[in-house]
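Participant:
In UniProt numbering, the protein residues as written are 1 to 100.
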């Protein structure tokens, strides 16, 4: 885990908001498919809708979060779904508690 990359990823209000929403996706996103949001994640289109940003900006933010290992992407057909990587978030929490 690269802590610097994680902190850089978290330094943007939209990327931070995405992680906050994905903590409890059923409270923020419409569930219109038979995909389990808690297990698989939330479709890019739903995240974009809530952010109110362009598709390319939303995808860029999601890529940054994924490269920092904060998100896990799952491809189903032509759609990509994102969910939080709780292992990375737990390691970050431990780092902050013990080292920072």
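Quick reminder that beta carbons are idealized off the backbone N, C-alpha and C, glycines included.
Quick caveat, the model's predicted, so the values are computed rather than measured.
1. Are the stretch 22–30 and the stretch 53–64 touching by the rule of at least three beta carbon pairs closer than 8 Å?
2. Just the Cα atoms here: how many angstroms apart are residue 82 and residue 17?
3. Tell me the rounded alpha-carbon separation between residue 44 and residue 22.
4. Looking only at its own chain, which residues have a Cβ that is under 8 Å from the Cβ of residue 9, when we skip the five neighbours before and after it?
5. Per DSSP, which residues does residue 21 bridge with? Please list them.
Facilitator: Judging by the given coordinates:
1. Cβ pair count under 8 Å is below three, so no.
2. 14 Å
3. Going from the Cα of residue 44 to the Cα of residue 22 covers about 12 Å.
4. 15, 64, 65, 67, 68, 70
5. According to DSSP, residue 21 bridges with nothing at all.
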